[in-house]
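Undergrad: Numbered according to this note's numbering, the sequence shown terminates at residue 325, and the numbering increases by one at each position without gaps. Ideal Cβ placement from N, Cα and C applies to all residues, glycine included.
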Amino acid sequence: MINFCTLFDSFYLAKGLALYRSLQSVSSNFHLFVMAFDEKSFRFLKQIECENLTVQWLNNFETPELLAVKAERTRGEYCWTCGPSVIHYFMTTYNLPSLTYIDADMMFYSDPQILFDEIGDADIAVSPHFIEHEAAGKFCVQFNYFKNSAEGMRALVWWKDCCIEWCYNKYEDGKYGDQGYVEQFPSLFSNVHIMEHRGTGVASWNMNSYRFHTEDNSIIYKGVTFPIVFFHYHGTSLEVHDDVLVMSTKEFDVKHGEQYAMYGKYLALLTDIYRNDLHIPVSGYRIAERSFVKKINFMLRATLRNNALVRWLYYDVLNLRNSG
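Below, the structure is given as C-alpha coordinates:
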(Lines of atoms letter the chains of each structure in order from A; the text may use other names.)
(Lines give C-alpha, C1' and ligand atoms only; values in the text may rest on other atoms or scores of the structure.)
Protein backbone atom coordinates (compact mmCIF):
# COMPACT_ATOMS: atom_id res chain seq x y z
CA MET A 2 0.00 0.00 0.00
CA ILE A 3 1.29 3.45 -0.95
CA ASN A 4 0.46 5.99 1.75
CA PHE A 5 0.07 9.66 0.84
CA CYS A 6 -0.91 12.66 2.90
CA THR A 7 -1.91 16.21 2.05
CA LEU A 8 -3.64 19.22 3.60
CA PHE A 9 -6.20 21.74 2.38
CA ASP A 10 -9.20 23.82 3.45
CA SER A 11 -12.60 24.45 1.84
CA PHE A 12 -11.07 26.94 -0.63
CA TYR A 13 -9.01 24.05 -2.02
CA LEU A 14 -11.75 21.42 -1.67
CA ALA A 15 -12.33 20.93 -5.41
CA LYS A 16 -8.59 20.61 -6.02
CA GLY A 17 -8.22 18.17 -3.13
CA LEU A 18 -11.02 16.05 -4.56
CA ALA A 19 -9.37 16.20 -8.00
CA LEU A 20 -6.15 14.90 -6.47
CA TYR A 21 -8.03 12.01 -4.86
CA ARG A 22 -10.10 11.20 -7.98
CA SER A 23 -6.99 11.20 -10.16
CA LEU A 24 -5.26 8.77 -7.80
CA GLN A 25 -8.35 6.56 -7.95
CA SER A 26 -8.17 6.52 -11.74
CA VAL A 27 -4.57 5.26 -11.90
CA SER A 28 -4.09 3.11 -8.78
CA SER A 29 -5.97 0.72 -6.53
CA ASN A 30 -3.05 0.41 -4.12
CA PHE A 31 -3.03 3.75 -2.31
CA HIS A 32 -4.37 5.43 0.81
CA LEU A 33 -4.71 9.20 1.11
CA PHE A 34 -4.62 10.88 4.53
CA VAL A 35 -6.05 14.41 4.55
CA MET A 36 -5.68 17.09 7.20
CA ALA A 37 -8.72 19.33 6.78
CA PHE A 38 -7.81 22.89 7.66
CA ASP A 39 -11.37 24.05 8.37
CA GLU A 40 -14.61 22.55 9.61
CA LYS A 41 -16.40 22.89 6.27
CA SER A 42 -13.88 20.72 4.40
CA PHE A 43 -13.71 18.23 7.27
CA ARG A 44 -17.49 17.74 7.44
CA PHE A 45 -17.79 17.47 3.66
CA LEU A 46 -15.11 14.79 3.39
CA LYS A 47 -16.55 12.84 6.32
CA GLN A 48 -20.03 12.83 4.75
CA ILE A 49 -19.10 11.51 1.32
CA GLU A 50 -18.21 7.86 0.84
CA CYS A 51 -14.58 7.60 -0.23
CA GLU A 52 -12.54 4.44 -0.15
CA ASN A 53 -8.86 4.67 0.71
CA LEU A 54 -9.35 8.08 2.36
CA THR A 55 -8.81 9.08 5.99
CA VAL A 56 -9.66 12.61 7.16
CA GLN A 57 -8.62 14.44 10.32
CA TRP A 58 -9.49 17.97 11.41
CA LEU A 59 -6.93 20.66 12.16
CA ASN A 60 -8.40 21.36 15.62
CA ASN A 61 -7.63 17.79 16.71
CA PHE A 62 -4.06 18.00 15.43
CA GLU A 63 -2.62 21.39 16.38
CA THR A 64 0.03 21.22 19.07
CA PRO A 65 0.85 24.00 21.57
CA GLU A 66 4.03 24.66 19.57
CA LEU A 67 2.03 25.23 16.38
CA LEU A 68 -0.60 27.35 18.09
CA ALA A 69 2.13 29.53 19.58
CA VAL A 70 3.25 30.67 16.09
CA LYS A 71 -0.11 30.62 14.28
CA ALA A 72 -1.02 34.27 14.86
CA GLU A 73 2.29 35.59 13.48
CA ARG A 74 2.02 33.79 10.13
CA THR A 75 -0.24 34.25 7.16
CA ARG A 76 -2.68 31.52 6.16
CA GLY A 77 -0.29 30.26 3.50
CA GLU A 78 2.71 30.41 5.80
CA TYR A 79 0.85 28.48 8.47
CA CYS A 80 -0.01 25.74 5.97
CA TRP A 81 3.70 25.49 5.11
CA THR A 82 4.56 25.47 8.81
CA CYS A 83 2.18 22.58 9.45
CA GLY A 84 3.25 20.41 6.51
CA PRO A 85 6.01 18.38 8.21
CA SER A 86 3.92 18.19 11.40
CA VAL A 87 1.04 16.72 9.39
CA ILE A 88 3.35 14.04 7.95
CA HIS A 89 4.66 13.26 11.44
CA TYR A 90 1.13 13.12 12.89
CA PHE A 91 -0.22 10.62 10.35
CA MET A 92 2.97 8.55 10.35
CA THR A 93 2.97 8.13 14.15
CA THR A 94 -0.79 8.00 14.74
CA TYR A 95 -1.33 5.20 12.23
CA ASN A 96 2.14 3.61 12.58
CA LEU A 97 2.71 3.72 8.82
CA PRO A 98 5.80 2.06 7.32
CA SER A 99 6.29 5.11 5.08
CA LEU A 100 4.43 8.25 4.10
CA THR A 101 4.70 10.66 1.18
CA TYR A 102 3.49 14.23 1.33
CA ILE A 103 1.88 15.50 -1.89
CA ASP A 104 0.45 18.92 -2.68
CA ALA A 105 -3.30 19.20 -3.09
CA ASP A 106 -3.13 21.04 -6.43
CA MET A 107 -1.87 18.07 -8.42
CA MET A 108 -3.39 15.54 -10.81
CA PHE A 109 -2.00 12.03 -11.29
CA TYR A 110 -1.80 10.67 -14.83
CA SER A 111 0.10 7.41 -14.19
CA ASP A 112 0.40 4.81 -11.45
CA PRO A 113 2.72 6.33 -8.80
CA GLN A 114 4.26 2.90 -8.22
CA ILE A 115 6.76 3.97 -10.91
CA LEU A 116 8.20 6.49 -8.46
CA PHE A 117 8.37 4.12 -5.52
CA ASP A 118 10.15 1.52 -7.62
CA GLU A 119 12.80 4.21 -8.19
CA ILE A 120 12.93 5.18 -4.49
CA GLY A 121 13.64 1.58 -3.52
CA ASP A 122 15.19 1.25 -0.05
CA ALA A 123 15.86 4.96 0.49
CA ASP A 124 14.85 6.48 3.82
CA ILE A 125 14.03 9.88 2.30
CA ALA A 126 13.16 11.05 -1.20
CA VAL A 127 12.87 14.58 -2.58
CA SER A 128 11.76 15.88 -5.97
CA PRO A 129 13.66 18.53 -7.96
CA HIS A 130 12.04 21.42 -9.77
CA PHE A 131 13.79 20.06 -12.88
CA ILE A 132 14.92 23.48 -14.06
CA GLU A 133 18.44 24.81 -14.31
CA HIS A 134 18.00 27.78 -11.96
CA GLU A 135 15.35 28.17 -9.26
CA ALA A 136 15.95 30.73 -6.53
CA ALA A 137 13.29 29.09 -4.36
CA GLY A 138 15.52 26.01 -4.22
CA LYS A 139 16.52 22.94 -6.18
CA PHE A 140 13.79 20.85 -4.59
CA CYS A 141 10.03 21.36 -4.57
CA VAL A 142 7.84 20.53 -1.58
CA GLN A 143 5.35 18.63 -3.72
CA PHE A 144 6.46 15.02 -3.26
CA ASN A 145 8.44 14.23 -0.11
CA TYR A 146 8.88 10.62 0.98
CA PHE A 147 9.84 9.46 4.49
CA LYS A 148 10.34 5.91 5.66
CA ASN A 149 9.36 5.15 9.25
CA SER A 150 12.98 4.36 10.05
CA ALA A 151 15.53 5.96 12.35
CA GLU A 152 16.99 8.13 9.59
CA GLY A 153 13.66 8.92 7.96
CA MET A 154 12.14 10.05 11.26
CA ARG A 155 15.27 11.98 12.20
CA ALA A 156 14.96 14.04 9.01
CA LEU A 157 11.21 14.50 9.44
CA VAL A 158 11.47 15.68 13.06
CA TRP A 159 14.30 18.06 12.14
CA TRP A 160 12.22 19.56 9.31
CA LYS A 161 9.15 19.80 11.55
CA ASP A 162 11.04 21.66 14.28
CA CYS A 163 12.71 24.00 11.76
CA CYS A 164 9.38 25.00 10.21
CA ILE A 165 7.87 25.75 13.61
CA GLU A 166 10.86 27.96 14.42
CA TRP A 167 10.88 29.85 11.07
CA CYS A 168 8.61 29.50 8.04
CA TYR A 169 7.71 32.66 6.14
CA ASN A 170 6.98 33.66 2.56
CA LYS A 171 10.28 35.50 2.22
CA TYR A 172 13.98 34.83 1.62
CA GLU A 173 16.19 35.09 4.66
CA ASP A 174 19.62 33.60 5.37
CA GLY A 175 19.20 30.92 2.72
CA LYS A 176 15.71 30.02 3.92
CA TYR A 177 12.43 30.30 2.07
CA GLY A 178 9.22 28.96 3.63
CA ASP A 179 9.33 25.22 4.23
CA GLN A 180 11.28 24.67 1.02
CA GLY A 181 14.73 25.99 1.87
CA TYR A 182 15.21 23.39 4.58
CA VAL A 183 14.77 20.53 2.10
CA GLU A 184 17.93 21.72 0.35
CA GLN A 185 19.87 20.46 3.35
CA PHE A 186 18.49 16.91 3.39
CA PRO A 187 21.23 15.36 1.18
CA SER A 188 24.02 16.88 3.30
CA LEU A 189 22.49 16.35 6.75
CA PHE A 190 21.01 12.88 6.37
CA SER A 191 22.00 9.58 4.80
CA ASN A 192 20.17 7.40 2.27
CA VAL A 193 18.42 10.36 0.62
CA HIS A 194 17.17 9.73 -2.91
CA ILE A 195 16.76 12.59 -5.40
CA MET A 196 14.03 11.71 -7.89
CA GLU A 197 15.23 11.30 -11.47
CA HIS A 198 12.01 10.41 -13.28
CA ARG A 199 11.01 13.46 -15.31
CA GLY A 200 7.33 12.66 -14.85
CA THR A 201 7.71 13.64 -11.20
CA GLY A 202 6.11 17.05 -11.08
CA VAL A 203 5.63 18.41 -14.58
CA ALA A 204 4.60 22.03 -13.96
CA SER A 205 4.49 25.54 -15.35
CA TRP A 206 8.13 26.14 -14.44
CA ASN A 207 9.53 23.20 -16.40
CA MET A 208 6.97 22.29 -19.07
CA ASN A 209 8.74 24.32 -21.76
CA SER A 210 11.68 21.90 -21.42
CA TYR A 211 9.57 19.04 -22.76
CA ARG A 212 7.74 17.93 -25.86
CA PHE A 213 4.32 16.55 -25.00
CA HIS A 214 2.32 13.61 -26.25
CA THR A 215 -0.97 14.71 -24.76
CA GLU A 216 -2.80 11.70 -26.23
CA ASP A 217 -0.99 9.29 -23.92
CA ASN A 218 0.07 11.82 -21.24
CA SER A 219 3.80 11.49 -21.80
CA ILE A 220 6.71 13.87 -22.26
CA ILE A 221 9.94 13.67 -24.25
CA TYR A 222 13.15 14.98 -22.69
CA LYS A 223 16.46 14.69 -24.56
CA GLY A 224 15.01 11.98 -26.75
CA VAL A 225 13.68 9.87 -23.84
CA THR A 226 9.95 9.39 -23.29
CA PHE A 227 8.58 9.54 -19.74
CA PRO A 228 4.98 9.00 -18.66
CA ILE A 229 3.68 11.98 -16.71
CA VAL A 230 3.15 10.62 -13.22
CA PHE A 231 1.67 13.84 -11.89
CA PHE A 232 1.24 17.41 -13.09
CA HIS A 233 1.54 20.14 -10.46
CA TYR A 234 -1.00 22.90 -11.22
CA HIS A 235 0.72 25.43 -9.00
CA GLY A 236 -0.51 29.03 -8.91
CA THR A 237 -4.03 28.43 -10.23
CA SER A 238 -7.30 29.79 -8.85
CA LEU A 239 -10.89 28.90 -9.68
CA GLU A 240 -14.08 30.95 -9.90
CA VAL A 241 -17.50 30.41 -11.46
CA HIS A 242 -18.66 33.19 -13.79
CA ASP A 243 -22.00 32.89 -15.63
CA ASP A 244 -22.05 29.12 -14.97
CA VAL A 245 -18.56 28.70 -16.45
CA LEU A 246 -15.63 27.44 -14.37
CA VAL A 247 -12.79 29.89 -14.93
CA MET A 248 -9.18 29.12 -14.06
CA SER A 249 -6.69 31.93 -13.58
CA THR A 250 -2.94 31.33 -13.50
CA LYS A 251 -0.58 33.38 -11.38
CA GLU A 252 2.72 32.84 -13.10
CA PHE A 253 2.21 32.53 -16.85
CA ASP A 254 -0.38 32.69 -19.60
CA VAL A 255 -1.66 29.32 -20.75
CA LYS A 256 -1.37 29.33 -24.52
CA HIS A 257 -3.00 27.08 -27.06
CA GLY A 258 -1.60 23.68 -27.96
CA GLU A 259 0.15 21.48 -25.42
CA GLN A 260 -0.20 23.92 -22.52
CA TYR A 261 -3.92 24.36 -23.05
CA ALA A 262 -4.41 20.62 -23.49
CA MET A 263 -2.74 19.79 -20.16
CA TYR A 264 -4.60 22.49 -18.23
CA GLY A 265 -7.80 21.54 -20.04
CA LYS A 266 -7.53 17.96 -18.75
CA TYR A 267 -7.36 19.29 -15.18
CA LEU A 268 -10.27 21.66 -15.77
CA ALA A 269 -12.38 18.86 -17.23
CA LEU A 270 -11.88 16.83 -14.03
CA LEU A 271 -12.61 19.88 -11.86
CA THR A 272 -15.77 20.62 -13.86
CA ASP A 273 -17.00 17.09 -13.20
CA ILE A 274 -16.26 17.54 -9.47
CA TYR A 275 -18.12 20.86 -9.34
CA ARG A 276 -21.17 19.23 -10.94
CA ASN A 277 -21.25 15.83 -9.24
CA ASP A 278 -19.48 16.28 -5.89
CA LEU A 279 -20.03 19.92 -4.99
CA HIS A 280 -23.38 20.16 -6.83
CA ILE A 281 -22.49 23.51 -8.36
CA PRO A 282 -23.94 23.78 -11.88
CA VAL A 283 -21.29 24.67 -14.45
CA SER A 284 -21.84 24.44 -18.18
CA GLY A 285 -18.19 24.40 -19.17
CA TYR A 286 -14.76 25.84 -18.45
CA ARG A 287 -12.21 28.30 -19.76
CA ILE A 288 -8.76 29.60 -18.90
CA ALA A 289 -8.46 33.32 -18.26
CA GLU A 290 -5.56 35.36 -19.57
CA ARG A 291 -3.61 37.08 -16.83
CA SER A 292 -4.39 40.72 -16.24
CA PHE A 293 -1.76 43.43 -16.66
CA VAL A 294 -1.56 43.83 -12.87
CA LYS A 295 -0.87 40.11 -12.39
CA LYS A 296 1.84 40.20 -15.04
CA ILE A 297 3.57 43.12 -13.31
CA ASN A 298 3.26 41.38 -9.94
CA PHE A 299 4.87 38.24 -11.34
CA MET A 300 7.72 40.25 -12.86
CA LEU A 301 8.30 41.87 -9.45
CA ARG A 302 8.33 38.54 -7.65
CA ALA A 303 10.71 37.10 -10.27
CA THR A 304 13.03 40.04 -9.57
CA LEU A 305 12.75 39.34 -5.84
CA ARG A 306 13.88 35.77 -6.35
CA ASN A 307 17.03 36.80 -8.14
CA ASN A 308 18.13 40.08 -6.52
CA ALA A 309 19.26 40.02 -2.91
CA LEU A 310 19.12 43.82 -2.48
CA VAL A 311 15.56 44.06 -3.81
CA ARG A 312 14.54 41.15 -1.55
CA TRP A 313 15.98 42.95 1.47
CA LEU A 314 14.15 46.20 0.63
CA TYR A 315 10.88 44.41 -0.06
CA TYR A 316 10.79 42.06 2.91
CA ASP A 317 12.85 43.72 5.65
CA VAL A 318 12.31 47.44 5.00
CA LEU A 319 8.75 47.38 3.70
CA ASN A 320 7.92 44.15 5.56
CA LEU A 321 5.64 42.89 2.80
CA ARG A 322 4.55 39.27 2.50
CA ASN A 323 2.03 37.50 0.35
CA SER A 324 -1.00 36.51 2.42
CA GLY A 325 -1.61 33.54 0.00
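On the CB-based measure, 16 or more other CB atoms within 10 Å of its CB, does H257 come out buried or exposed?
TA: Residue numbering aside, residue 257 sits at position 256 when the sequence shown is read from its first letter. Under this definition H257 is an exposed residue.
Undergrad: Note down the Cα distance separating G200 from N60, rounded to an integer number of angstroms.
TA: Counted from its first residue, the sequence shown places residue 200 at position 199. Counted from its first residue, the sequence shown places residue 60 at position 59. Taking the straight line from one Cα to the other gives about 35 Å.
Undergrad: Within the same chain, show all residues whose beta-carbon is closer than 8 Å to that of F197, passing over the 5 residues directly before and after it, in chain order.
TA: Position 196 of the sequence shown, counted from the first residue, corresponds to residue 197. Per the sequence shown, residue 197 should be read as Glu rather than Phe. Correct list, in chain order: E119.
Undergrad: Give me, in chain order, the residues of the same chain whose beta-carbon lies closer than 8 Å to that of M2; leave out the 5 immediate sequence neighbours on both sides.
TA: Walking along the sequence shown from the start, residue 2 turns up at place 1. Contacts found: N30, F31, H32.
Undergrad: In angstroms, rounded to a whole number, what distance separates the CA positions of Y213 and W167?
TA: As a position in the sequence shown, residue 213 is number 212, starting the count at 1. As a position in the sequence shown, residue 167 is number 166, starting the count at 1. The residue you asked about is not Tyr; residue 213 is Phe in the sequence shown. Spanning the two alpha carbons is a distance of roughly 39 Å.
Undergrad: Would you give the residue range spanned by the alpha helix (DSSP H) that T101 belongs to?
TA: On the sequence shown, position 100 is the one that residue 101 refers to. That residue, T101, is in no alpha helix (DSSP H); its beta strand (DSSP E) goes 99–103.
Undergrad: Give every residue of the same chain whose Cβ lies closer than 6 Å to the Cβ of A303, excluding the five residues on either side of it in the sequence, and list them in chain order.
TA: Here the question's residue 303 lines up with position 302 in the sequence shown. Residue confidence for A303 is low, a pLDDT of 49 falling below 50, so the modelled location carries little weight and cannot support an answer.
Undergrad: Within this structure, are the beta carbons of F232 and V255 separated by less than 7 Å?
TA: Translated into the one-based positions of the sequence shown, residue 232 becomes position 231. Translated into the one-based positions of the sequence shown, residue 255 becomes position 254. No, Cβ-Cβ distance for F232 and V255 is not below 7 Å.
Undergrad: May I ask which residues mark the beginning and end of the alpha helix (DSSP H) holding Y169?
TA: Counted from its first residue, the sequence shown places residue 169 at position 168. Run containing Y169: none; DSSP gives neither H nor E here.
Undergrad: Report whether the distance from the Cβ of C51 to the nearest heavy atom of the ligand HEM is below 6 Å.
TA: Of ligands this structure carries none, so the ligand HEM is not represented either.
Undergrad: Is it a yes or a no for the segment 110–126 touching the segment 20–29, going by three-plus beta-carbon pairs under 8 Å?
TA: Flag = yes, the segment 110–126 and the segment 20–29 touch.
Undergrad: Could you give the first and the last residue of the continuous alpha helix (DSSP H) run that contains P65?
TA: In the sequence shown, residue 65 corresponds to position 64, counting from 1. P65 -> alpha helix (DSSP H) spans 65–71.
Undergrad: Run through DSSP, which three-state label would L279 get?
TA: Looking up residue 279 in the sequence shown gives position 278. Coil.
Undergrad: Pull up the distance between the alpha-carbon of G224 and that of E50, whole angstroms please.
TA: Locating residue 224 in the sequence shown gives position 223, where the first residue counts as 1. Locating residue 50 in the sequence shown gives position 49, where the first residue counts as 1. For G224 and E50, the distance between alpha carbons rounds to 43 Å.
Undergrad: Sort out for me which residues DSSP pairs S219 with in a bridge.
TA: Here residue 219 refers to the residue found at position 218 when the sequence shown is read from its first residue. Answer is H214, P228.
Undergrad: Could you spell out where the alpha helix (DSSP H) holding F120 opens and where it closes?
TA: Here the question's residue 120 lines up with position 119 in the sequence shown. First, the residue type needs correcting, since residue 120 is Ile and not Phe in the sequence shown. Run containing I120: 114–120, per the alpha helix (DSSP H) assignment.
Undergrad: Please list the terminal residues of the continuous alpha helix (DSSP H) segment that includes K41.
TA: One-based indexing of the sequence shown puts residue 41 at position 40. Element bounds for K41: 40–48.
Undergrad: Along the chain, where does the alpha helix (DSSP H) containing E78 start, and where does it finish?
TA: For the purposes of this step, residue 78 is identified with residue 77 of the sequence shown, where counting begins at 1. E78 -> alpha helix (DSSP H) spans 76–94.
Undergrad: For Y21, is the classification buried or exposed, using 16 other Cβ atoms within 10 angstroms of its Cβ as the cut-off for buried?
TA: Position 20 of the sequence shown, counted from the start, is the residue given in the question as residue 21. Counting Cβ neighbours within 10 Å, Y21 comes out buried, since at least 16 surround it.
Undergrad: Considering only DSSP beta bridges, list what Q57 is partnered with.
TA: Start at 1 with the first residue of the sequence shown, and residue 57 comes out as number 56. Per DSSP, M36.
Undergrad: To the nearest angstrom, how far is it from the Cα of L157 to the Cα of S284?
TA: Along the sequence shown, one-based indexing puts residue 157 at 156. Along the sequence shown, one-based indexing puts residue 284 at 283. Each residue's alpha carbon lies about 44 Å from the other.
Undergrad: Give the DSSP-derived three-state secondary structure of A123 in the structure shown.
TA: Here residue 123 refers to the residue found at position 122 when the sequence shown is read from its first residue. Coil, per DSSP.
Undergrad: Take every Cβ of the segment 72–82, pair it with every Cβ of the segment 96–109, and state whether three or more of those distances are shorter than 8 Å.
TA: Flag = no, the segment 72–82 and the segment 96–109 do not touch.
Undergrad: Can you name the residues that DSSP bridges to V247?
TA: Within the sequence shown, numbered from 1, the residue matching residue 247 stands at position 246. V247 is bridged to E240, R287.
Undergrad: With DSSP as the reference, identify every bridge partner of N145, one or two as the case may be.
TA: Looking up residue 145 in the sequence shown gives position 144. Its beta-bridge partners are Y102.
Undergrad: Identify, in the order they occur along the chain, each residue of the same chain with its Cβ nearer than 6 Å to the Cβ of D10, setting aside the five sequence neighbours on each side.
TA: Here the question's residue 10 lines up with position 9 in the sequence shown. Excluding positions up to five away in sequence, the list reads F38, D39, S42.
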